[in-house]
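Single-structure report; data block below.
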Amino acid sequence: MKHPEIKSLFKYYPIGKNQLNALAQGKLWYSKPVRFNDPFDTRFYVDGRVYTYENELDTNKLTEVFGSDMSDAIVTKKVSLKSKLELFKKEIEELGVLSLATSNKNLLMWSHYADEHYGMCMEFVRKAGSKLADDMETRPIHYTDNHPTLTPKALLDFDKKMSSKRRILYAKSKHWGYEEEWRHILEVGDQLYPWPAPLKAVYFGCKVEMQDINLVQKVINNSNVKYYKADLNKSTFGINFNAV
């Protein structure tokens, strides 16, 4: 397992009907990339020089220069690459992505993803043998200035295609670096899947009412899970957690 120093990963959530229903089943929602709040997410660039060159060539001129067999071969290759690209995009769009964080004390994450401290943060242990310890399925995001770039060859070669998928799915703009995001990715999105690792603890925002805490505890119904509530640090811009 890579990054053994990362012992746990965290999922920030609001406390709502859908989330409680998922908790009762011991599951989490994996979204398709189209649902992401960043329109640049999972976008990629294909080196278009080959396509541009072929698009500029007239089929009749190709026949005059190379003969009909060569002309047909070039046009067929162009069509094949185009169809491969369309299939590749569709495969990316259908994947299921679970976004996780490395810290339960990220103030922006509490505001953006945990209903402004009315929500919760779930801690999952990266235990050996769990899906969060699988380096092929779960990886940290690489924050960069540029979209991932693919070559036409990468769309035709299966091994390179799989590598390209990972490059796209684990890349994001540097503007999002504060999230310190990791992703667990499965083949089909927009559905619930079992927890990818053991649930260790649930942390509640500082604005959560006790009745909601009791409800979550009742729904999870697991004596091994610990529960904490945040309160504001009196001297710094930070939060502390106290057992509930």
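Sequence positions in the sequence shown follow our numbering and run 566 to 809. Virtual Cβ for every residue (Gly too), placed ideally from N, Cα, C.
#1: Identify whether V599 lies in helix, strand or coil by the three-state DSSP scheme.
#2: What do you get for K567, buried or exposed, if any count of 16 or more other CB atoms within 10 angstroms of its CB means buried?
#3: Could you tell me which residues DSSP pairs with N805 in its beta bridges?
#4: Using the three-state DSSP reduction, which class does Y735 fall into: helix, strand or coil?
#5: Can you look up E549 in the DSSP assignment and give me helix, strand or coil?
#6: If E744 and M674 are in contact, beta carbons under 8 Å, what's the gap, nearest whole angstrom?
#7: Of all the options H712, T716, A666, which has the alpha carbon lying nearest to the alpha carbon of K649?
#8: What is the C-beta distance between Y575 and S668, in whole angstroms, given that I count them as a contact (C-beta under 8 Å)?
#9: Does H740 pass the burial test, meaning 16 or more other C-beta atoms within 10 Å, or should it be called exposed?
#10: Let me confirm a value: T703 is counted as buried when at least 16 other C-beta atoms fall within 10 Å, else exposed. Which label applies?
#11: If you draw a straight line from the C-alpha of Y678 to the C-alpha of A698, how long is it?
#12: Looking at C-alpha atoms only, which residue of K783, I804, T801, D796 is the closest neighbour of A589?
#13: Can you tell me the Cα-Cα spacing of S816 and T709, whole angstroms?
#14: How is the alpha helix (DSSP H) around K820 delimited, first residue to last?
#15: Return the chain-ordered list of same chain residues with a C-beta closer than 7 Å to the C-beta of K816, the five sequence neighbours on each side being excluded.
#16: With DSSP run on the structure shown, which of helix, strand or coil describes Y743?
#17: Does the separation of the CB atoms of Y595 and L751 fall below 7 Å?
#18: Return the chain-ordered list of same chain residues with a C-beta closer than 6 Å to the C-beta of P579, the five sequence neighbours on each side being excluded.
#19: Under the rule that 16 or more other beta-carbon atoms within 10 Å means buried, what is K737, buried or exposed?
#20: Apart from the five residues just before and just after A587, which ones in its own chain have a Cβ nearer than 7 Å to its Cβ?
#21: Quick one: grab the DSSP three-state call for P569.
#22: Return the chain-ordered list of same chain residues with a C-beta closer than 7 Å to the C-beta of S573, the five sequence neighbours on each side being excluded.
#23: Is M685 helix, strand or coil when you go by DSSP?
#24: Would K794 and F769 be called neighbours here (beta carbons separated by less than 7 Å)?
#25: Assign S664 to one of three DSSP states: helix, strand, or coil.
So, to answer that:
#1: If DSSP states are grouped into helix, strand and coil, V599 belongs with the helices.
#2: K567 is exposed by the Cβ-count criterion.
#3: When DSSP reads this structure, N805 sits in a beta bridge with D796.
#4: Of the three classes helix, strand and coil, the one that applies to Y735 here is coil, per DSSP.
#5: Examination of residue 549 is not possible in this model, given that the chain is present from 566 through 809 alone.
#6: At roughly 6 Å, the Cβ-Cβ gap stays under 8 Å, so E744 and M674 are in contact.
#7: Nearest C-alpha to K649 among H712, T716, A666: T716.
#8: It is worth fixing the name first, because residue 575 is Phe in this sequence and not Tyr. Yes, F575 and S668 are in contact; Cβ-Cβ is about 7 Å, under 8 Å.
#9: Counting the other Cβ atoms within 10 Å of the Cβ of H740 gives fewer than 16, which makes it exposed.
#10: The residue is buried, with at least 16 neighbouring Cβ atoms inside 10 Å.
#11: Y678 and A698 have their C-alpha atoms some 24 Å from each other.
#12: Ranking K783, I804, T801, D796 by Cα distance to A589 puts K783 first.
#13: Because the chain here runs from 566 to 809, residue 816 falls outside it and cannot be looked at.
#14: Any property of residue 820 remains undetermined from this structure, which presents the chain solely from 566 to 809.
#15: Because residue 816 is not part of the residues shown, which for the chain are 566 to 809, the question remains open.
#16: DSSP places Y743 within a helical segment (H, G or I) once states are collapsed to three.
#17: Yes, these two residues count as a Cβ contact at 7 Å.
#18: Excluding positions up to five away in sequence, the list reads D680, G684.
#19: Buried, since its Cβ has 16 or more Cβ neighbours within 10 Å.
#20: Only L593, W594, L757 meet the Cβ criterion.
#21: Looking at P569 - three-state DSSP - the assignment turns out to be coil, as it is neither helix nor strand.
#22: Only E688, F689, V690, R691, K765 meet the Cβ criterion.
#23: Judged by DSSP in its simplified three-state form, M685 adopts strand.
#24: By the CB criterion at 7 Å, K794 and F769 fall inside the cutoff.
#25: S664: strand per DSSP, three-state reduction.
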